[in-house]
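The sequence shown begins at 1 in the numbering used here and counts up one residue at a time. The structure appears right after this line, and notes come after that.
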Amino acid sequence: MLSSSVLANAGKSIATSRRDEVYVAAVPLRAAKGPAQLVISTAYSLNLWDLQHFIVIINSSSSLHSQAVVYDFQPEDPESIDVAVAALSGRNVPGVILTRTLKKLPKRKCWFVGYSENDAIDAANRFNEGWDTDLRINHHDCRNYANGIVEYLTGTKAVLEHLRSSSMARDEMSLPRKD
């Protein structure tokens with residue numbers, strides 16, 4: 001018969017061995033159909049860093065979450081011309097945090113940035129509860145959101161600045177992944 005202290009320690013090691021993977025991915029900005037969308041798509045294809053939209057992906061080690069979960073902070077109506085004009089002029093626009101699942105991680109422009117020692121999905125939800133959803137370009141936007149949530153989950157500060165300065169991000173090579 002196992003002692004209660006052995007069972008307690010086994011439970012602790014199982015709980016602390018969980019490591020959810022955290023990724024950052026760049027995706028095209030959304031814009032109104034027509035010329036604006038063409039410009040945004042071209043900027044994305046040319047790897048213009050400042051015209052990328054950043055999302056955070058959690059690949060949970062839990063059997064409860066078989067798919068990766070995406071966290072995305074963007075304007076409530078990203079395809080509205082009025083929202084684009086307001087955002088580009090430096091005014092606040094209503095933002096929203098979107099959450100969705102992915103069957104698999106993107107193959108391009110997706111970088112492994114660290115592990116969350118705790119349940120990353122629960123932690124991300126706690127982070128989101130405190131996130132102000134007024135969006136302001138270059139002050140409180142997808143970059144600030146990605147940096148903030150990655151720091152909250154992994155302890156890594158200024159992850160986007162690190163990725164931007166790394167040759168891996170410029171050359172579109174991914175950081176090591178656990179596929």
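No residue lacks a Cβ here, since even glycine has one placed at the ideal position from N, Cα and C.
- Within the model, the alpha-carbon separation for A158 versus S62 is close to 27 angstroms.
- For S116, the enclosing beta strand (DSSP E) stretches over residues 110-116.
- Counted as a single uninterrupted DSSP element, the stretch harbouring D141 is not any beta strand (DSSP E), since DSSP gives it neither H nor E.
- Exposure of V96 is indicated by the presence of fewer than 16 other C-beta atoms within 10 angstroms of its C-beta.
- If you draw a straight line from the Cα of E21 to the Cα of R126, it comes to about 17 angstroms.
- Three or more beta-carbon pairs separated by less than 8 angstroms link the stretch 110-126 to the stretch 139-157, which places the two stretches in contact.
- Here K104 is not near A26, since their CB atoms are 8 angstroms or more apart.
- For the pair D122 and L29, the Cα-to-Cα distance works out to about 27 angstroms.
- When F73, H53, D82, S66 are compared, the shortest CA-CA separation from E129 is found for F73.
- Residues of the same chain with a CB within less than 6 angstroms of the CB of R136, apart from the 5 flanking positions on each side, are N92 in chain order.
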